[in-house]
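Be aware that the sequence shown starts at 1, since it is given in full-length UniProt numbering, and climbs by one per residue. Note that the Cβ used here is the ideal one computed from N, Cα and C, for glycine as well. What you are looking at is a predicted structure, and each value in this text was computed from that prediction instead of being measured. Structure first, then comments.
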Amino acid sequence: MKKQHMNRDWIATAATLSSALPYLQRYDGAIVVVKLGGHAMGSDEAMDTFARDMVLLRQVGVNPVIVHGGGPMINAMLDKLEIKSEFVGGKRVTDKATMEVVEMVLSGLVNKRIVQAINRQGGMGVGLSGKDANLITCDQTNPDLGFVGTPANMDASVLHHLFEKDMIPVIAPIGAGRDGETFNINGDTAAGAVASALKADRLLLLTDVAGVKNAEGDVVTELKATDVEAMTRSGVIAGGMIPKTETALQAVRNGVRACTIVDGRVQNSVLLELFTLHGAGSMIRPD
């Protein structure tokens, strides 16, 4: 007969699972849109951990949707192909040649890497871009920036069909113009538009910072929309955090229950955010 001695780690694991029950019940059937970028895409190990978390969400009844970026991969491919970029106001001009590379990298290389990672963990990942099934129709953001688009019309019906089949949509931020053009969309903007179209329960923006910080430099774990606006006006929220908080504000005012800017450097950050009391970032709610 094999004897087994209880290990403190095993007991802690069981306690963690037990304490997660109210959260599992809360999110059963919920739609959670996750913007994937930064550290979580930086290594095969981080990607596998993220994929395992997504498959776990699907297994416990959550409907995850992944919208991903891929800026560093695009830059690397442009350099490899010796395609030089122009910049206007610090933003890359996306001409036709650049757009072809952007679509190739995002809809091909990056998208399929995420899909394969999900499938390796036993899930059913399905790769899409905003061009598929008229998911995202864009208007040109600024003629000076070329083929950069802003979501104008959304048709999320294809995503609901995938939910019914227990599939996990993985969306590249590429959209179609009204006249058949192809547009590159900022990844956070695309995630916010998808979450708004789905009236998602949560939008999670994975990033490489701990969250929104106050004037003292401390992370604020929960904010109202008016708090974010006041912190932006006073300059407390600045730099690269502004586009993320703008995406969050637009999403929660378009019917998304809450948006959290999540520290994607933390292992299992999505699970911590959804299924524990502490969370893993800064949650923004409507007023």
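Assuming residue i contacts residue j under a Cβ cut-off of 8 angstroms, what Cβ separation, rounded to an integer in Å, is found between them?
i      : j      : result
Gly187 : His68  : 7 angstroms
Ser196 : Ala248 : Going by Cβ atoms, the distance from Ser196 to Ala248 rounds to 11 angstroms, so no, they are not a contact pair.
Arg202 : Thr260 : 7 angstroms
Ala263 : Gly239 : Per the sequence presented here, residue 263 reads as Asp, with Ala not at that position. Not quite, the Cβ-Cβ distance comes to about 17 angstroms (not below 8 angstroms), so this is no contact.
Gly146 : Ala190 : That belief does not hold up - the Cβ atoms of Gly146 and Ala190 are roughly 17 angstroms apart, past 8 angstroms.
Leu198 : Tyr27  : Not quite, the Cβ-Cβ distance comes to about 14 angstroms (not below 8 angstroms), so this is no contact.
Gly70  : Val93  : Contact flag wrong, Cβ pair sits at about 18 angstroms.
Ile74  : Val102 : 6 angstroms
Who does residue i pair with in a DSSP beta bridge?
i      : result
Gln140 : Gly149
Arg92  : Phe87
Thr260 : Leu204, Met283
His160 : Looking at the DSSP assignment, His160 forms no beta bridge with any residue, so it has no partner.
Ala117 : Paired residues: none, contrary to the question.
Pro169 : Val126
Met154 : Ile136
Ala176 : Thr137, Thr182
So that I know if they touch, is there some Cβ in chain B lying closer than 9 angstroms to that of residue i?
i     : result
Leu81 : Absence of chain B from the displayed structure is noted, only one protein chain being present.
Going by C-alpha distance, which of the options is nearest residue i?
i      : options                        : result
Phe87  : Gly279, Asp95, Lys80           : Asp95
Thr98  : Asp139, Val148, Val262, Gly122 : Val148
Pro44  : Ala258, Val110, Ser85          : The question names Pro, but residue 44 in the sequence shown is Asp. Looking at the Cα atoms, Val110 is the closest of the given residues.
Ser107 : Leu24, Gly89, Gly127           : Gly127
Arg257 : Met241, Arg285, Ser269         : Arg285
Ala193 : Leu57, Asp79, Thr150, Lys84    : Thr150
Arg253 : Asp287, Gly217, Ile242, Asp9   : Asp287
Gln59  : Gly217, Gly279, Leu271, Met47  : Leu271
Can you tell me whether residue i sits near the ligand SAM, meaning its C-beta is under 8 angstroms from at least one heavy atom of the ligand?
i      : result
Ile284 : In the structure shown, the ligand SAM is absent, as is every other ligand, since no ligand is present at all.
Ignoring anything shorter than 3 residues or poking outside the region 183-229, list the beta strand (DSSP E) runs there in chain order. 202-207, 222-224
Do the region 198-215 and the region 31-38 touch if we need at least three Cβ pairs shorter than 8 angstroms? yes
Count Cβ pairs between the region 226-238 and the region 165-181 that sit closer than 8 angstroms; are there 3 or more? no
Are three or more beta carbon pairs between the region 124-141 and the region 154-163 nearer than 8 angstroms? yes
Check whether the region 219-230 touches the region 160-172, counting contact only when three or more Cβ pairs, one atom from each stretch, lie closer than 8 angstroms. no
Is it true that the region 41-55 meets the region 103-117, where meeting means three or more beta-carbon pairs spaced less than 8 angstroms apart? yes
Let me know the beta strand (DSSP E) ranges lying completely inside the region 27-79, each 3 residues or longer, listed in chain order. 31-36, 63-68
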